[in-house]
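Participant: One line per chain: the protein sequences are W and E, in this order.
391 is the number of the first residue of the first sequence in my numbering; add one for each residue after it.
-3 is the number of the first residue of the second sequence in my numbering; add one for each residue after it.
Ideal placement from N, C-alpha and C gives every residue a C-beta, glycine not left out.
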Amino acid sequence: MADGTAISCQEVVEVVTDYLEGKLSPEEVAIFEAHLAICDGCQHYLDQIRITIATVGRIEDEEVPAELRDTVLAAFRHRRM
Amino acid sequence: MAEATVDPAAAEAALLERLRAGDEAAFEGLVAGLYGTMLTVARTYVKDRAVAEEVVQETWLGVINGLDRFEGRSSLKTWILSILVNQAKTRGTREARTVPFASLAPADDAPTVDPERFRGPHEQYTGGWRAFPANWKAADELVQDRETIRVAMRAIADLPLTQQTVIRMRDVEGYSAEEVCATLDVSEANQRVLLHRARSRVRSALERHIDG
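Structure follows, in structure tokens:
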């Protein structure tokens, strides 16, 4: 973070993942959150990233192709014998 | 794949017992639950989807054979994925494809948001937004729309394979950073860079869709 006391919006967007992953130091968290407190743009950006994560989380699992499922199930059944 | 609230170690032991007893429903559930992740991880090592599906199938045959020997030093999921990565690497080497994570360059320095969105070095408030990103909390209906999910899926499909794997494992399947690092043999810092780039690009795609 640039001069250790404040960060720009352009810097905020680059450390947003570090922030969400808990990888910023307590000092950096304080600087980050101080910026957010006075910057609607960056608060919106952080919200957008959180909404992005939630949206990606709603993607459904891929279906197992029937042929693959049948093959491995047959092998599993055979193992029991 | 949200973690259940029950003790994961106990749930895992119970699952393992069912598998060893030949419980087909338990096995089928496991195959279905891991399929998306396995396919994605395999695809980072082999050339196409058909080969990746073969790798998934070979992995399950290996898992079935090794089930009685599994000693529980890692989680069942981690063990299965490690077998998958070995199979995929073998196939990938045979096909002379480079192993992506081993050769992963340190972060490319491309910015995650278009620099044009920020005020330049000779302007007041350098690095500040020219126009604020929109408040998506006020666009809830659009955000909840099924089309928005499809936009996210397409954006993920357009990512470099390494980023696809990380965002799928973390944000679609709900794996922890530690599990992703262990499976892909990638450093924690690199995992985070890949996740950051992937999420940023998906956000941009959603922004084009939501803000129109």
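1) State the start and end residues of the unbroken alpha helix (DSSP H) segment that holds E/W56.
2) Grab the span of the alpha helix (DSSP H) containing W/D430 for me, first residue to last.
3) Would you say W/E452 lies against chain E (beta-carbon separation less than 8 Å)?
4) With 8 Å as the threshold, decide whether the Cβ of W/H425 is near any Cβ in chain E.
5) Taking the alpha-carbon positions, what's the W/C429 to E/P129 distance?
6) Would you kindly check if the distance between the Cβ of E/G32 and the Cβ of E/R164 is under 8 Å?
7) Going along chain W, which residues have a C-beta under 7 Å from E/M165?
8) Under 8 Å by Cβ, that's how I've got E/H192 and E/V147 pegged, so tell me the actual separation to the nearest angstrom.
9) Quick one: measure Cβ to Cβ for W/L426 and W/V406, integer angstroms, because I've assumed they're closer than 8 Å.
10) Pull up the distance between the alpha-carbon of E/R150 and that of E/Q160, whole angstroms please.
11) Between W/V403 and chain E, is the shortest Cβ-Cβ distance under 8 Å, so that the two count as touching?
12) So with Cβ pairs under 8 Å, would you call W/S398 a contact of chain E?
13) Per DSSP, what kind of secondary structure is W/E466 in: helix, strand or coil?
14) With DSSP as the reference, identify every bridge partner of E/W125, one or two as the case may be.
15) What does a CB cutoff of less than 7 Å around E/Y121 pick up in its chain, not counting 5 residues either side in sequence?
16) Where do the N-terminal and C-terminal ends of the alpha helix (DSSP H) with E/N186 fall, by residue?
17) Leaving out five residues on either side along the sequence, give the residues of the same chain with a beta carbon under 7 Å from the beta carbon of E/P126.
18) Would you check if the distance between the CB atom of E/T74 and the CB atom of E/E143 is smaller than 8 Å?
19) Could you spell out the range, first to last residue, of the alpha helix (DSSP H) harbouring W/T407?
Facilitator: Once the coordinates are examined:
1) Judged by DSSP secondary structure, E/W56 falls within the alpha helix (DSSP H) whose first and last residues are R45 to G62.
2) Secondary structure note for W/D430: its alpha helix (DSSP H) is the uninterrupted segment D430 to G447.
3) Yes, because at least one Cβ of chain E sits closer than 8 Å to the Cβ of W/E452.
4) Taking 8 Å as the CB threshold, W/H425 stays off the interface with chain E.
5) Taking the straight line from one Cα to the other gives about 11 Å.
6) Yes; because the gap between Cβ atoms is below 8 Å, this pair is in contact.
7) Chain-ordered listing is empty here: chain W has no CB closer than 7 Å to the CB of E/M165, the nearest sitting near 11 Å.
8) About 20 Å separates the two Cβ atoms, so there is no contact after all.
9) The beta-carbon separation of W/L426 and W/V406, rounded to 10 Å, does not stay under the 8 Å limit for a contact.
10) Between the alpha carbons of E/R150 and E/Q160 lies a gap of roughly 11 Å.
11) Residue contact with chain E for W/V403: present (Cβ-Cβ distance below 8 Å to some residue of chain E).
12) Judged by the 8 Å Cβ criterion, W/S398 is in contact with chain E.
13) Per the sequence shown, the amino acid found at residue 466 of chain W is Phe instead of Glu. Helix.
14) DSSP, once it has assigned bridges, lists E/F114 as partnering E/W125.
15) The beta carbon of E/Y121 sits closer than 7 Å to the beta carbons of R115 from its chain, once the five residues preceding and following it are set aside; these are given in chain order.
16) If you look at E/N186, you'll find it in the alpha helix (DSSP H) that goes E184 to I206.
17) Per the sequence shown, the amino acid found at residue 126 of chain E is Arg instead of Pro. Contacts found: R113, F114 and R115.
18) Result no, Cβ atoms of E/T74 and E/E143 do not sit closer than 8 Å.
19) Judged by DSSP secondary structure, W/T407 falls within the alpha helix (DSSP H) whose first and last residues are C399 to L410.
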